[in-house]
Amino acid sequence: MGSWLGNLSLKYKFWAVNAVAFVTTLLLVLYAMQAEQQARVDTSRQAAQAQARLLAAWPADAVLPASDTLLTYNKGQTPTFNTLALPELADARDWVALNKPANDRLLSGAQIFTRSTGQQVAVLAFAPTFLQVFQDRFSHYAAAVFVLMLLMLCASQLLIRFLLSQLNALKDVMLHVEKSGDLAARVPNRSDDEVGQMAKAFNAMQAGYQRVVNTVSQTAGRLDQGAAHLAAGMKDVRQGMLGQQSETDQVATAINEMTATVHHIAQHATATRDQSQTADA
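Note that our numbering gives residue 138 to position 138 of the sequence shown, counting from 1, and the numbers run on in steps of one.
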């Protein structure tokens, strides 16, 4: 799962975030409907309690006003509302929570008081069900969610385009450097966010590499010049050595010739001595 998300394009990751935001918004709408339904239940309870306080002060010899939310019964008797038995109200007092469906409404509870005649009176509190609130508010919430999601998608697309433009510029320059080895390439940067900081770091790295390469190139050039000078010096030395060798060969030849001459003179001297000795004899 982690590797799959890591290989997913950044654009689709933003879309996934938008989907999560949409689901979260729907859950918030459902919670708002539930809160509204509960608020209506509380409002109906407060209205029933206020009506019960008003009717409790009603004259004992006067007939209570007719209302479909009033139930009169004797203590211990199980009252009914439209064939719906309400045994919880038989011996109850004050507020009684019921939360029972009654036709198309929710009977949330009843406020009970006892008249001076001993007669029990229950003021019923009705509230809409959650489904009724949903049906009643669906169009309003749907329009609100549609507008909010449309604004979110527009803002998200603008953000995606902005981020991808910077990331694609960085990616294109890096691929160009990888293929061509161009150390003079720089990423155009006009922001100071995380992507901008990455671009600045890449540009600084390129500048550092370029300085190193320039230094190495200059050093290599100086080494080439030194090697050329050394080669020229060695050539001069070789020529000098060749000249000395030629002179040495000439001296050796002269010495050999002198040796031969001396040897020849010695031979003539020996012959002359022999002839002199022969003549003396």
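Heads up, the beta-carbon is just placed ideally off N, CA and C, and yes, glycines get one too.
Computed from a predicted model, the values in this text were never measured in an experiment.
Just list the residues that DSSP pairs residue i with in beta bridges.
i, result
"Pro101", "Leu106"
"Ala85", "Thr80"
"Ile112", "Asp94, Ala122"
Would you kindly report the start and end of the unbroken beta strand (DSSP E) that includes residue i?
i, result
"Val121", "119-127"
"Asn189", "It is not in any beta strand (DSSP E) - Asn189 carries neither H nor E in the DSSP assignment."
"Leu70", "70-74"
Would you give the residue range spanned by the alpha helix (DSSP H) that residue i belongs to?
i, result
"Leu64", "Here Leu64 belongs to no alpha helix (DSSP H), and DSSP marks it neither H nor E."
"Asp42", "10-56"
"Ala144", "130-180"
Near residue i, what residues of its chain come up, given a Cβ to Cβ distance below 6 Å and the 5 sequence neighbours on each side ignored?
i, result
"Gly196", "Asn189"
"Pro87", "Thr78"
"Val133", "Met33, Glu36, Gln37"
Leaving out the 5 sequence neighbours to the left and right, which residues in its chain are closer than 7 Å to residue i when beta-carbon positions are compared?
i, result
"Gly76", "Ala90, Asp91"
"Val187", "Ala169, Leu170, Val173, Ala199, Phe202, Asn203"
"Phe22", "Met149"
Within the same chain, show all residues whose beta-carbon is closer than 8 Å to that of residue i, passing over the 5 residues directly before and after it, in chain order.
i, result
"Gln210", "Leu183, Ala184"
Item to check | Inter-stretch contact (C-beta, 8 Å, three-pair minimum) for the region 44-55 and the region 117-128 | outcome: yes
Checklist entry - Touching or not, the region 109-121 and the region 86-98, by the rule of three or more beta carbon pairs under 8 Å? => result yes
Next on the checklist: Contact between the region 142-153 and the region 9-27 is defined here as three or more beta-carbon pairs at a separation below 8 Å; is this criterion met?
Outcome noted: yes
Checklist entry - Contact between the region 196-210 and the region 162-181: three or more CB pairs below 8 Å? => result yes
Checklist entry - Any contact of the region 59-66 with the region 35-44, i.e. 3+ C-beta pairs under 8 Å? => result no
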